[in-house]
Each structure stands twice: as C-alpha cells, then as structure tokens.
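Read through the structure below, which is laid out as structure tokens, and then see the notes.
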Amino acid sequence: MHFLRYCLLISLLFAGLMSPSWGQEKPHVLLLNSYHHGLNWTDDETKGVRDVLEKSALPVELHVEYMDTKRLNDEVHFKNLRQLFEYKYRRTRFSSILVTDNDAFNFLRQYRDDPVFAGVPVIFTGVNFFHPDMLSGLHGFTGVAETFEAGQTVGVMQRLHPGVRRIVVIIDATTTGEAIRKEMEPMLVPYKGRINFEFWNKLSLEQLRERLPKLDKDTLVLLMPYARDSLGIYISYPDLAAMVSQASPVPVYGTYDFYMGYGIVGGRLTSGEAQGRALADILQRVLSGENPDLIPVTTVAPSEFKFDSRQLHRYGINPSGLPPESRILFQTWYETYRIWVWTGALAALVTILLGWGWIRSYKLERRSAAALKQSKEQLEAILNSTSESIFHVDANGIILAINDMAAHRVGQEPQAMIGKSAFDFFPPEVSAGRRENLLEVFQTGLEAHTEDVRDGRHFSLNYYPIFDNDNKVSSVVVYAADITGRKKVEVELGIAATAFELQEGMLVTDADRVIIRANSAFTTITGYTSDDVVGKKPRILSSGRHDASFYDAMWQSIDEAGTWGGEIWNCRKNGEIYPQHLTITAVRGLQGQVTNYVAAFSDITQIKGAEEKIRNLAFYDSLTGLPNRRLLQDRLQQALLSVARTGKQGALLFIDLADSTLKCNFCK
791 MHFLRYCLLI
801 SLLFAGLMSP
811 SWGQEKPHVL
821 LLNSYHHGLN
831 WTDDETKGVR
841 DVLEKSALPV
851 ELHVEYMDTK
861 RLNDEVHFKN
871 LRQLFEYKYR
881 RTRFSSILVT
891 DNDAFNFLRQ
901 YRDDPVFAGV
911 PVIFTGVNFF
921 HPDMLSGLHG
931 FTGVAETFEA
941 GQTVGVMQRL
951 HPGVRRIVVI
961 IDATTTGEAI
971 RKEMEPMLVP
981 YKGRINFEFW
991 NKLSLEQLRE
1001 RLPKLDKDTL
1011 VLLMPYARDS
1021 LGIYISYPDL
1031 AAMVSQASPV
1041 PVYGTYDFYM
1051 GYGIVGGRLT
1061 SGEAQGRALA
1071 DILQRVLSGE
1081 NPDLIPVTTV
1091 APSEFKFDSR
1101 QLHRYGINPS
1111 GLPPESRILF
1121 QTWYETYRIW
1131 VWTGALAALV
1141 TILLGWGWIR
1151 SYKLERRSAA
1161 ALKQSKEQLE
1171 AILNSTSESI
1181 FHVDANGIIL
1191 AINDMAAHRV
1201 GQEPQAMIGK
1211 SAFDFFPPEV
1221 SAGRRENLLE
1231 VFQTGLEAHT
1241 EDVRDGRHFS
1251 LNYYPIFDND
1261 NKVSSVVVYA
1271 ADITGRKKVE
1281 VELGIAATAF
1291 ELQEGMLVTD
1301 ADRVIIRANS
1311 AFTTITGYTS
1321 DDVVGKKPRI
1331 LSSGRHDASF
1341 YDAMWQSIDE
1351 AGTWGGEIWN
1361 CRKNGEIYPQ
1371 HLTITAVRGL
1381 QGQVTNYVAA
1391 FSDITQIKGA
1401 EEKIRNLAFY
1411 DSLTGLPNRR
1421 LLQDRLQQAL
1431 LSVARTGKQG
1441 ALLFIDLADS
1451 TLKCNFCK
C-alpha cells in the first residue's frame, strides 16, 4: 500500500514538472517589414527568414506584417499602424521582434515603450548607414546592418571599361535612398578626379526614359535602389531594371541582387535572402537564451560578385577581366558545361581511336551496324516525339524520311510514303509553291521560311539544307508547324484593338479601379487625354450630381451581376456637366477573381435635348410658350390621384382672361 502511494506521488511529481513543457505554446515572433509584399528585396528577406526557420529545431509562430512605406510614409500612417498593432496583438506576447530595413527599425525605436513592444528583444536587418549611436539608450537590440560594396563595383566598372569618364547613379529620394546615398559617397572618393559621378535622384520615370538614350559612350550607369520616382509613382525593381537596360545605350551595373537577371551586367551584389538568413540565425540564438545586448551587430553584410552572361555578350565584355571569385549566371548550356563537353569529346576521340585500332573486320562491322541502327531508332524516336510535321526530301521532293505526325496529317502510313514524291500528297496549288521553295533552297543553299493555308489551317514551313562533303546541298529537311491557333489569336487581337478605338468612349481599370488605358473617343468626349487619367481613379470625372448611395448601388450591381448600365451625369475637363449612357463590366480571370473593369459610354446630350424638345412640344403652345390643355390634363390627373391617395381636399380654379370672371370648382 505504501509502495503504491509512493509511486503515485512520483507520478504526480513528474507530471507537475513536465506538463508545462508539454502544453507550452510555441514562441510568437513578429516579422515587421518596412515595405510591401511583392517588392523583391522584402520578399527575399522574408524568404531568407522562412528558409532558416523551416530547417530549425526550434518551433516558431511567425506573424508577418508590412508597413508599405514605399507608398505611405507620414506620421498619420505610422500612428495608424501603431494603433493597429496595439489592438491586433493586445493578447499576444512576443518572444522576439524581427524588423527589416530603416523604416521598421525607426518605428520600433520610436514606439519601443508601447505595451506590445516593451521589453521584447528586437533583431534588425537591412538598416542602412548604421551607427552604434542609433541604439543609444535602447536595450534588447541587435541585428545585421545593410552594407553594399559600391566602391568595389565601381572598381570593376573602371577595369572593364577603361575609357569611362562619367558614371550616372540612378537612385530614388526615399528614406532608404537618402541613407544609401549618404553611405555611398565616401566609397566614391578614391575615384573622383578620374570619374565624374552624377546622381539622378529627383527624376520621374518619364524623365529617365528621355535622358537615358542620350548617354555618351564614355558613360556608365550604376543602378541603386529606386522604387518611387519624383512624382510618387511606384515601380518594381525588375520593371525598373528592364526599363533602364532597354533605354540605356551603355552598360548598367548594380549593387543589389534584386536587379540581377533583369538587364544589369552585374557587380558586387548585396543579397536580401542572405540578410534574412543572417536575421533568422541571430533569432535562434536569442530564442536559445542568449542576451541580445551581448550579441554584436553584424556590420559586414554578405555579398558576392555576380554577372549576367547575356549582358556580357551584349556589350562584348570579356569574362576573363572579371574578379576571380565571380559567379556568372544565365550561361548557355555550352558555357556551363564547356569543360565537360571538351572532356567528353576528348574521351570519345580516344575511344574511337582505340576502337579503330582494336576492332577490325566482322566485329567492327557488326558494332557499326548496331550503332547505326540504334542511332536511327533514336532519331526516329526524336522525330516522332514532336507534334509538328517533319519531311526529309531530295532535290526532286522524294521522301527520304518522315515522322508519324507528317504522315498522319495526310492520312498515310510513314513507310508507305518513303520513296514517293511529297508533292503527290498535297493539292496542286500547294505543291507548286512548295516545289519552288525547295528548288530555291537547293540553288542558294540558304534556309527559307514560308506560310500557306490547307483545309482552312495555317502552316509555317522552314526549309533547312543538308550539305555533303563538297559543301553542296544533298537534301533538305522541311519542318511544318500548324499555326492556326496563333493566327486565330492574332485576328482576335486585331478585332479587340479595333473595337477599343470605336466612337464609343472606353476606359480600362485594374482590379483596384485605377485607370490603365483610355481610347481616343474618351478624349473626344471628355477632353481628358490618356496621360491626364492613367494612374488615377474614375472619380475625377464625377459631376457631383449623384450621392454616395447611387454609386454604392452601382458597384453592388457590378459585384453581384458583373455589369451595370444606365444614365449618369459626368463632368468634362472644361467643367461642363453632361449626360452619358454608361456600361461597366467586370473582367474575371481563370480563378474567378476580378482582374479589370471595362467602362463604355456615349454622350447623350443631344438625345436629352431632343427629349426635352419633344416634351415642350407636347405640353406647351409653340407660339406663346404657355402650358396647353395636355399639360393641364396631366397635372389634373396627378392632383386627383394625390387626393384619392391622401384623402385631402383639392381645388381647381378657372380664370377667364377675357371677362376676368372667376370660376371655382372643388373636388375631393
């Protein structure tokens, strides 16, 4: 009995010691991003954090928030975010807070004492122009400073382009942009006197497009973070890099890897993913019990030399001039596996030489026959794996080889067609044109391309000559692709483009109702040009005659039925208010989500005028302009209906203008 009691006490003791850990909630961690989801830099930082946490043995409940400061960056916005976080996380106790980039870092510094953030360890990354004084008076802060190697990138630019005399630095004027420029200027000091650095930091996108094509050949472009132009228009990093690269006649370099692959040659690139991974590594140390105040801030962010093989070829840059530790991306298959190709070729050559020496007579003949058979089978397999038609013919059009698809399209078996003329299987008018094309290829030795139509289908034909040892054309491979679908799409696109430019005014918006396109009829009717309205919302056309309930009902109809149509009063650019008939239709994607709204409208001012004129002719005397008997009857009928409905009394007063005698009748 005593033994049982002893076992029971031991069990209860273990249960008391272990139950807290068994039922313990995973530590909550807040990831507060300065910018928005979809910005490459922010997405890379977030991905780096998640990659580390997914492989970690420490379970974490990660809450991700975006401050969107590339678009909103004022005190009202920050106060609203503060109230949102205070309410949203009032019942959540964070084990740590991760912040990315300067705006989120400054936000935590300002509101450190708020109940949601107070006492919670803060780990930052991506902070530009970091100095230890930034943490003065703060406790529980550590992290990774964002550094970039503009000096090393400029050094590579000068080495690859010895004739450079000017470098145009494209950077925006946001908080991040200003911090990066301040941190960058000391790195450029060693090159001043030899290179003139010109900062384009207060230009609009349109101004960039105008200036870039005018750059001299002794100029290079250094593309730094640029997310919002001088007019406040946001552009993604890939779109910006593509635009600058296409517009610039000279090479474009960078210091951040979110531009890589979109037009820059390369440089010493700072990685958002590497910043995120470093952030998550420090988080694991803090969650494991380390004091964040004792963890030194990492002031040298990971970076490496990366270059785009396609841009090196574009500008004729020899890869041998790149730094030894450089990574060359987007190489062709041959560039990537060149050593293996040559090694394999050499090995094959040695094998062939040894085989030539070792294998003779019957064995050599058998193996050669087997290899030829295997190659033929492989070639046939390749030919028959494609969905297009392939003919191999001689100068007379005799079929030497054909794939299954080509035979199937003419209703024949492949073996039955070999040895016969390819022109026998097509209508005379089609065969005549193809015979001429084939003869031209044999005479010129050049590839040829044509298109023709058979049974309502469109075909694209490519003729590839095969040369013999005397460099004469011995045969031709004809590749026929069915392009009926593509032609149909081209026709439909032409019809759509024509419809868009009809006399009816048309607007196209995105899913957020921001105008992205307007046709010429829109300009004719409203006076607004496309440049006036693109990027804005249709409310700029509002006349003020309709209240909020009118528009709420209109958009409710669009959301529920997908369309709305009716009369509405809008305002022209010159201030004139006019009536129009408007139809709005929601365009949905494959998943059912709204992707665009299309509005079509016509000016019905003349129609309204005609209606008013008809009304006047019906109810007013055309000579005197006075109300006539029909109007009297209409108003009398309305009065009688009102009396009958309300139960009130009414009166009808007749005045004879000739003898001034008054007559009065009462009605109920």
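When the letters of the sequence shown are read in order and numbered with the numbering used here, they come out as residues 791 to 1458. Think of the CB as a built atom: it goes at the ideal place given N, C-alpha and C, for glycine as much as any other residue.
- S811 to N918, Cα distance in whole Å? Confidence at S811 is low in this model, with a pLDDT of 40, below 50, so the placement of that residue should be treated as unreliable; the coordinate-derived value is given next. Their Cα atoms are separated by approximately 40 Å.
- Task: Verify whether the separation of the beta carbon atoms of F875 and D904 is less than 9 Å.
- Result: yes
- Item | Meets three-Cβ-pair contact criterion under 8 Å: the stretch 1081 to 1098 and the stretch 926 to 939 | yes
- Can the beta-carbon of V1011 be found less than 9 Å from the beta-carbon of V958? yes
- Query: Cα separation between S1038 and H1103?
  - Reply: 16 Å
- Would you call G813 buried or exposed, if buried means 16 or more other Cβ atoms sit within 10 Å of its Cβ? Legend: pLDDT at G813 = 46, less than 50; position of this residue unreliable, value from coordinates given subsequently. Classification for G813: exposed.
- Task: For V1131, I'd like the list of residues in its chain whose CB is within less than 8 Å of its CB, leaving aside the five on either flank, ordered along the chain.
- Result: Y1124
- Task: Please list the segments of the alpha helix (DSSP H) lying wholly inside the stretch 1299 to 1355, counting only runs of 4 or more residues, in order along the chain.
- Result: 1310 to 1316, 1320 to 1323 and 1338 to 1351
- With DSSP as the reference, please indicate the residues paired to G1057 in a beta bridge. K1096
- Task: Following the continuous alpha helix (DSSP H) through E973, name the residue where it begins and the one where it ends.
- Result: T965 to L978
- Message: If I follow the unbroken beta strand (DSSP E) through P952, where does it start and stop?
- Response: Run containing P952: none; DSSP gives neither H nor E here.
- Task: Give me the Cβ distance between N1364 and G1317, rounded to the nearest whole Å; I'm assuming they're in contact under 8 Å.
- Result: 6 Å
- Report the partner residues of S994 according to the DSSP bridge assignment. According to DSSP, S994 bridges with nothing at all.
- List the DSSP bridge partners of N986. R956
- Of all the options F884, Q873 and Y856, which has the alpha carbon lying nearest to the alpha carbon of N892? Y856
- Task: Give every residue of the same chain whose Cβ lies closer than 6 Å to the Cβ of L1372, excluding the five residues on either side of it in the sequence, and list them in chain order.
- Result: I1358 and F1391
- Range covered by the alpha helix (DSSP H) that runs through V839: N830 to K845
- Return the residue from the list I1348, L998 and P1086 that minimises the CA-CA distance to H929. P1086
- How about G1223 and K1262: are their beta carbons less than 9 Å apart? no
- Task: Output the boundary residues of the alpha helix (DSSP H) element that contains D1194.
- Result: D1194 to R1199
- Task: Could you tell me whether the Cβ atoms of N1386 and V1323 are closer together than 9 Å?
- Result: no
- Message: Given a cut-off of 9 Å on the beta-carbon distance, is the pair F914 and A894 in contact?
- Response: yes
- Query: Going straight from the alpha carbon of D1349 to that of T964, what length do you get?
  - Reply: 37 Å
- Task: Would you decide whether E844 is buried or exposed? Buried here means 16 or more other CB atoms lie within 10 Å of its CB.
- Result: exposed
- Query: When the Cα atoms are used, what is the spatial distance from V850 to M1014?
  - Reply: 34 Å
- Query: Is T890 closer than 9 Å to L821 when the C-beta atoms are compared?
  - Reply: yes
- Starting from T1375 and walking both ways along the beta strand (DSSP E), at which residues does that stretch end? I1367 to R1378
- Task: Would you mind giving the Cβ-Cβ distance between R861 and Y1024, rounded to the nearest angstrom? I have them listed as a contact below 8 Å.
- Result: 6 Å
- Item | Straight-line gap, V819 to R1075 (C-alpha atoms, nearest Å) | 14 Å
- Residue ranges of each alpha helix (DSSP H) within the stretch 1061 to 1132, 4 or longer: 1062 to 1077, 1099 to 1104 and 1123 to 1126
- Query: Looking at the structure shown, is V1184 part of a helix, part of a strand, or coil, going by DSSP?
  - Reply: Note that residue 1184 is Asp in the sequence shown here, rather than Val. Three-state result, D1184: coil.
- Query: Residue range of the beta strand (DSSP E) that D1242 falls in?
  - Reply: A1238 to R1244
- Query: Around the Cβ of S994, are there at least 16 other Cβ atoms within 10 angstroms (buried) or fewer (exposed)?
  - Reply: exposed
- Query: To which residues of the same chain is A940 closer than 6 Å at the C-beta, ignoring the five residues directly before and after it?
  - Reply: M974, M977 and T1045
- Message: Measuring straight from C-alpha to C-alpha, what distance separates M1195 and I1180?
- Response: 8 Å
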